[in-house]
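For reference, the structure is listed below as structure tokens.
Protein chains: 2
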Amino acid sequence: MAGGDTSPTRAFDRTRHDHASETAEDYVEAIAEIIGRDGVCRGAALAKLFGVSHVTVTKTVNRLKREGLAVAEPYGPIELTAQGKRLATASRRRHEIVFSFLKSLGISDAVALTDSEGIEHHVSAETLKAFRRFVEREDRGKND
Amino acid sequence: MAGGDTSPTRAFDRTRHDHASETAEDYVEAIAEIIGRDGVCRGAALAKLFGVSHVTVTKTVNRLKREGLAVAEPYGPIELTAQGKRLATASRRRHEIVFSFLKSLGISDAVALTDSEGIEHHVSAETLKAFRRFVEREDRGKND
DNA sequence: ACAAAATCTTAGCAAAGGTTAAACTTGTGT
DNA sequence: ACACAAGTTTAACCTTTGCTAAGATTTTGT
Chain A
51 MAGGDTSPTR AFDRTRHDHA SETAEDYVEA IAEIIGRDGV CRGAALAKLF
101 GVSHVTVTKT VNRLKREGLA VAEPYGPIEL TAQGKRLATA SRRRHEIVFS
151 FLKSLGISDA VALTDSEGIE HHVSAETLKA FRRFVEREDR GKND
Chain B
51 MAGGDTSPTR AFDRTRHDHA SETAEDYVEA IAEIIGRDGV CRGAALAKLF
101 GVSHVTVTKT VNRLKREGLA VAEPYGPIEL TAQGKRLATA SRRRHEIVFS
151 FLKSLGISDA VALTDSEGIE HHVSAETLKA FRRFVEREDR GKND
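Heads up: the sequence lines are chains A and B, in that order.
Under the numbering used here, the first residue of the first sequence carries the number 51, and numbering increases by one thereafter.
Under the numbering used here, the first residue of the second sequence carries the number 51, and numbering increases by one thereafter.
In structure tokens form, the structure reads like this:
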């Protein structure tokens, strides 16, 4: 795994920036979901969902605004930009594929939910495709 | 996660601590591997492996020392404590299972390597067991 | 209308992990 | 012996993500 002496070791590129991107994805995904469910998304709802203080939410949402993913007027509800919506949709799609895949493997609902949230940020396009195909094959297998 | 018996420190912070545990696991796993390959582990080897500066390595290794996972004398090579070795073994086992699983799914070596690095920290015991069983079943299938 | 409740912002702190620059230690070659 | 290269540490700083405390705003109930 360490790759001998002079390996590029691209596997370990998960830096601070990558971690920040994961948080951004989790947030936009959650914002989209809350808006779809409640009509609007308030910071308090995110704080409750993620189990963090509302102050942390404010700061993270400020970062999303800075990065052009979200918009919100002072004391107003949080909304997504077109870019934010795109990211949210892509994240949710990936999340759903990972979740379905774990379910196909026989994992329980609760664990599949938890694990898929952790895994979704670390699956490449190739792996995601393999997951999707596996789910499709399993689904066809059931239709006997 | 990293201790159990010798962790008298604050039990509050959550997500930040989870992330720190992942880094600790990556480090002890890498240290064990480098020692196994080269006989000793120097900070420079870790810096090269993870693609970060040696200063970052020094600081992270200091944290491992503080947490009782690693030991090193000034300007000396890095070694693992019994606790560090245990964590390294468990991490490597989990890593190998995830890697084999992705390979069984038909993922290419390079991508399986990268993805397994990211995924290994997010699979529960239940999912890991399912991965292992899948690999075993696939291996048996090949022996026809 | 107005106080209370809910929500949001600002200020200030900590830990983890990242950086560069500069100083220190160790090992090697001539 | 001594200089130089390689490796390590320290200092100073940044960002992300977490916290509490305290202040500001909006909503709600009477």
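The beta-carbon is built from N, C-alpha and C at its ideal position, and this holds for glycine as well.
Can the beta-carbon of residue i be found closer than 9 Å to that of residue j?
i	j	result
Thr106 (chain A)	Ala97 (chain A)	yes
Ala162 (chain A)	Ala82 (chain A)	no
Phe184 (chain B)	Leu155 (chain A)	yes
Ile169 (chain A)	Leu152 (chain A)	yes
Glu167 (chain A)	Asp68 (chain A)	no
Ser71 (chain A)	His171 (chain A)	yes
Thr131 (chain B)	Gly118 (chain B)	yes
Ile85 (chain B)	Thr177 (chain A)	no
Could one say the Cβ of residue i lies closer than 9 Å to chain A's Cβ atoms, at least one of them?
i	result
Gly93 (chain B)	no
His172 (chain B)	yes
Glu75 (chain B)	no
Ala180 (chain B)	yes
For residue i, report the span of its alpha helix (DSSP H) as first-last.
i	result
Leu199 (chain B)	Any property of residue 199 (chain B) remains undetermined from this structure, which presents chain B solely from 51 to 194.
His104 (chain B)	104-116
Val161 (chain A)	159-169
Establish whether the CB of residue i and some CB of chain B are separated by less than 9 Å.
i	result
Leu99 (chain A)	no
Ser150 (chain A)	no
His67 (chain A)	no
Ala140 (chain A)	no
If you count every other CB in all the chains shown that lies within 10 Å of the CB of residue i, and 16 or more means buried, which is it?
i	result
Gly134 (chain B)	buried
Arg144 (chain B)	buried
Ala140 (chain B)	exposed
Val78 (chain B)	buried
Arg87 (chain B)	exposed
Asp165 (chain A)	buried
Compute the Euclidean distance between the alpha carbons of residue i and residue j, then round it to the nearest angstrom.
i	j	result
Ser174 (chain B)	Ala94 (chain B)	32 Å
Gly54 (chain B)	Thr110 (chain B)	For Gly54 (chain B), the predicted model reports a pLDDT of 29, less than 50, meaning its position is unreliable; a value from the coordinates is still stated below. In a straight line, the C-alpha of Gly54 (chain B) is about 20 Å away from that of Thr110 (chain B).
Ala80 (chain A)	Ile147 (chain A)	17 Å
Leu99 (chain A)	Leu114 (chain B)	32 Å
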